[in-house]
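A.B. asks: One structure coming up, written as structure tokens, with questions to follow.
Residue numbers (the UniProt record's numbering), protein chains in the order written: chain A, 1 to 419; chain B, 1 to 419.
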């Protein structure tokens, strides 16, 4: 393992900036042809990709990596084919670049148009799964951006092989190969260099665990889009259909625990606690979920562990849930305001006024009314693709598709207009 | 002059966050009534505002402040009336909050709407002119945001009086007074506290000189919208109407030199340099402008000073301009790519293909075709109001009106949908 010299990362970023300038004016036909070339090349060169991946997997096994992580790291011919199919799917999505968002002719005859343009150079910092390497490259190319990929050290050989295939393919298709680059080096230093490449990199998108995201947000001078941390709540209102509430709760918590849109806390209105808690405890136990509850939940079930502030704050990503009874909707909102990560919050209610109040007062990227938190997802929302889920308020909030990978430019046309 | 204790600024931010939560669900009628109450109160209490302002002005004179700065600081009954009228004008603008940006019903029956919501707490860091205090407060209230105002120490008494009037007025109108607060303290420390109030403040907008903006961008952990630095270019193409080019150039440079949308560099295609340079030198000299030119410009006029890299980089904000002759459009674009601050770039040409190429390849918030750079302005663009001009690519680019002071929220409604 080598440590990247400072200049390596910056040189990479400089080449990306030059490639972005070349890429931006390319029409969508050229970009789409490059994407199809990538899909073809992935299929044609699956063998060398699998060889590189096998080296990563062997190294991970030698390092005593757990089976779940090994599985995320492992590529097969089938998985490479799926990655290629995903790239081909991106071709079918509408091109965001060039879309006219606003336009008018002013009283003085000046014509103003606000058009979508690529962001420029997008840096993605991510972990484990090598499929993200190709996904991110495809979405950035489709939206006219150059991309700097900084994947996990454990997937370095796989990522090197994949990026090699992608670069060859886009070069053949007439795009600058440097529009897609792996950030050199496997050490943490290369991430630091990337975070300081202001003026060369237009945005950094960290995808991964909460600690990675926090580090990037705090230390980066490059603008950041914060993604993914999800401490999501399900609030069961006084006027909830309790059958529906049970269904939504179990789905939100237990259908897939390792994802950011799974529920981590359930709040129940006191008026229905007596009826709901026993049923919820039974259903959650049936799904293998451990409940960390307040006094009311503890009183309702022997297996309930006592909840502390750490539980209210936790993004478990496991078969655990925090649980509280609240006196009213306002208290539910107050709890969510205090502990939410601003990802997704859900209310189950038949009361229109309660739903309106919850939607208006809860501050999150997505608010669900009588639906599982698990629906906050680019594919579920019909975006066709997703580069991540933003939990910040600037630029993009919620699932980010292709339009969120663009900026805008005002084009003003006159015939010699002066002020 | 007192130095603010750390906790003062954070307490202010905490109160702002609570006020923002109260403010967000208020309908536009309530917010508009509060704005009208502010306008009335400014008119009714002009006397005490002028008394406070007189103290600032006296202190500034004692400190030997220059007349231009004294003028920017000084309020008169007429100026207060103009500020009140501006507030009343904000009432007439469309409310961005609640606008549905996208909406659809998915195949499974889930209804998705993306709606505009306030950002929450907006921090504005600005200099000198006390009218910004009221303008910024009005725009933030109109868009449903709480605002933390951190003006110049030199206007502290004026700002304290103005914010007092605003707070009383909105309190009477039923909004939380803490939706508008002055950041306590006049020292630089209070700016630092504000920049570290991540989680309490949703966005910081620095308005002022390049060094203030650079400091905030580099040191803030709160998300920042970078505003205002303008190293704007006028490119006179081979196929320019030279009369038009002369008119646009002189207007862009000399109509108002202290603003970010004034031109700082002129680039001339070599094919028209012989015809254009003598006329440009004469017109610029007539407007009192000093030219800092390359060899070709120096050869064309005795008064031309030699340009260095510092000139290409300079935002003069004075009666100075950097000037170069370029061999072709590509060289003009390359020069702009290297030195531009990404604010506004202009081309003067009769050639449609050249205009298209310039627009596609220049990376700036606004690109002017046959129009002065001076048009990049919220009022000129018809936005009715402007909180600043963003030179960054995330969230907002170019003049920022009310919609740019909002975020979005997805509201998803089902009838018990699970995945």
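Beta carbons: idealized from backbone N, C-alpha and C, even for Gly. Please read all numbers here as calculations on a predicted model, not as lab measurements.
For residue 218(B), would you say it is in contact with chain A, using Cβ-to-Cβ distances shorter than 7 Å as the test?
C.D. replies: Closer than 7 Å: yes.
A.B. asks: Taking contact to mean 3 or more Cβ pairs, one atom from each stretch, closer than 8 Å, check whether the region 11 to 20 of chain B and the region 166 to 183 of chain B are in contact.
C.D. replies: Yes, the region 11 to 20 of chain B touches the region 166 to 183 of chain B.
A.B. asks: Quick check on this structure: which residue in 419(A), 343(A), 189(A), 323(A) has the alpha carbon closest to the alpha carbon of residue 284(A)?
C.D. replies: Checking every option, the nearest Cα to that of residue 284(A) belongs to 323(A).
A.B. asks: Going by the CB atoms, is the gap between residue 362(B) and residue 345(B) shorter than 7 Å?
C.D. replies: Their beta carbons are under 7 Å apart, which means residue 345(B) touches residue 362(B) by this criterion.
A.B. asks: Scan the region 358 to 391 of chain A for residues whose Cβ lies nearer than 8 Å to a Cβ of chain B and list them as they occur along the chain.
C.D. replies: Correct list: 359, 360, 361, 363, 364, 365, 366, 367, 368, 369, 370, 371, 372, 374, 375, 376, 380, 381, 382.
A.B. asks: DSSP on residue 386(B), reduced to helix/strand/coil?
C.D. replies: It is coil, neither helix nor strand.
A.B. asks: Could you tell me the alpha carbon to alpha carbon distance between residue 55(A) and residue 43(A), rounded to whole angstroms?
C.D. replies: Approximately 20 Å between the Cα atoms of the pair.
A.B. asks: What span of residues does the alpha helix (DSSP H) with residue 156(B) cover, start to end?
C.D. replies: Per DSSP, residue 156(B) belongs to the alpha helix (DSSP H) from 156 to 172.
A.B. asks: Thinking C-alpha only, which one of 181(B), 28(B), 130(B) is nearest residue 97(B)?
C.D. replies: The shortest Cα separation from residue 97(B) among 181(B), 28(B), 130(B) belongs to 28(B).
A.B. asks: Using only CA atoms, which one of 354(B), 367(B), 195(B) lies nearest to residue 218(A)?
C.D. replies: Of the listed residues, the one whose Cα sits closest to residue 218(A) is 195(B).
A.B. asks: Run through DSSP, which three-state label would residue 259(B) get?
C.D. replies: Of the three classes helix, strand and coil, the one that applies to residue 259(B) here is coil, per DSSP.
A.B. asks: Cα separation between residue 24(A) and residue 290(A)?
C.D. replies: For residue 24(A) and residue 290(A), the distance between alpha carbons rounds to 51 Å.
A.B. asks: For residue 172(B), which residues in the same chain have their Cβ closer than 7 Å to its Cβ, ignoring the five residues on either side in sequence?
C.D. replies: Closer than 7 Å at the Cβ level, and outside the excluded window around residue 172(B), lie 37.
A.B. asks: Who pairs with residue 407(B) in a beta bridge, going by DSSP?
C.D. replies: Answer is 117(B), bridged to residue 407(B).
A.B. asks: Rounding to the nearest angstrom, what Cα-Cα distance links residue 139(B) and residue 370(A) in this structure?
C.D. replies: Straight-line Cα distance between these residues: approximately 35 Å.
A.B. asks: Do you know offhand how far residue 84(A)'s Cα is from residue 147(B)'s?
C.D. replies: Each residue's Cα considered, the two are about 48 Å apart.
A.B. asks: Within the same chain, show all residues whose beta-carbon is closer than 7 Å to that of residue 237(B), passing over the 5 residues directly before and after it, in chain order.
C.D. replies: If we look at residue 237(B) and ignore the five residues flanking it on each side, its Cβ neighbours are 269, 329, 347, 348, 349, 351, 354.
A.B. asks: Let me see if you follow: with CB-CB separation under 7 Å, is residue 235(A) close to chain B or not?
C.D. replies: Taking Cβ atoms only, chain B never reaches closer than 7 Å to residue 235(A), which makes this a no.
A.B. asks: Pull up the distance between the alpha-carbon of residue 297(B) and that of residue 318(B), whole angstroms please.
C.D. replies: Looking at the two C-alpha atoms, the distance is approximately 19 Å.
A.B. asks: Check for me: the alpha helix (DSSP H) holding residue 344(B) runs from which residue to which?
C.D. replies: Counting along the chain, residue 344(B) falls outside any alpha helix (DSSP H), though it belongs to the beta strand (DSSP E) covering 344 to 348.
A.B. asks: With C-beta atoms as the reference, is residue 391(A) less than 7 Å away from residue 264(A)?
C.D. replies: It is not a contact, given that the beta carbons lie outside the stated cut-off.
A.B. asks: Shorter than 7 Å from the beta carbon of residue 247(A) to some beta carbon of chain B?
C.D. replies: Chain B, which has a Cβ nearer than 7 Å to the Cβ of residue 247(A), makes this yes.
A.B. asks: Using beta-carbon positions only, say whether residue 398(B) and residue 365(B) come within less than 7 Å of one another.
C.D. replies: Yes.
A.B. asks: Buried or exposed for residue 118(B), please, with buried defined as at least 16 other CB atoms from any protein chain shown within 10 angstroms of its CB.
C.D. replies: Its Cβ being crowded by 16 or more others within 10 Å, residue 118(B) is buried.
A.B. asks: Just the C-alpha distance for residue 142(B) and residue 409(B), rounded to the nearest angstrom, thanks.
C.D. replies: One C-alpha to the other measures close to 18 Å.
A.B. asks: In whole angstroms, what is the alpha-carbon distance linking residue 212(B) and residue 251(B)?
C.D. replies: Going from the Cα of residue 212(B) to the Cα of residue 251(B) covers about 28 Å.
A.B. asks: Once DSSP output is grouped into helix, strand and coil, what is the label at residue 292(B)?
C.D. replies: Note: residue 292(B) maps to strand in three-state DSSP.
A.B. asks: For the region 188 to 207 of chain B, which residues have a beta carbon sitting closer than 7 Å to at least one beta carbon of chain A?
C.D. replies: Listed in sequence order: 202, 203.
A.B. asks: Taking the alpha-carbon positions, what's the residue 239(A) to residue 266(A) distance?
C.D. replies: Distance between the alpha carbons of residue 239(A) and residue 266(A): 16 Å.
A.B. asks: Please list the residues of the region 392 to 403 of chain A that have a C-beta atom closer than 7 Å to any C-beta atom in chain B, keeping them in chain order.
C.D. replies: Cβ contacts with chain B come from 392, 393, 394, 395, 397, 398.
A.B. asks: When the cut-off is 7 Å and only beta carbons count, does residue 254(A) lie next to chain B?
C.D. replies: Chain B contact via Cβ: absent.
A.B. asks: Between which two residues does the alpha helix (DSSP H) carrying residue 283(A) extend?
C.D. replies: Element bounds for residue 283(A): 270 to 286.
A.B. asks: Roughly how many angstroms lie between the CA atoms of residue 64(A) and residue 58(A), to the nearest whole one?
C.D. replies: Spanning the two alpha carbons is a distance of roughly 10 Å.
A.B. asks: Taking a cut of 8 Å between CB atoms, which residues from the region 406 to 419 of chain A lie near chain B?
C.D. replies: Against chain B - using a Cβ distance shorter than 8 Å - the residues of the region 406 to 419 of chain A are 407, 408, 409, 410, 411, 412, 413, 414, 415, 416, 417, 418, 419.
A.B. asks: Please determine, among 300(B), 303(B), 302(B), 292(B), the residue with the shortest C-alpha to C-alpha distance to residue 310(B).
C.D. replies: Taking only the C-alpha atoms, the option nearest residue 310(B) is 292(B).
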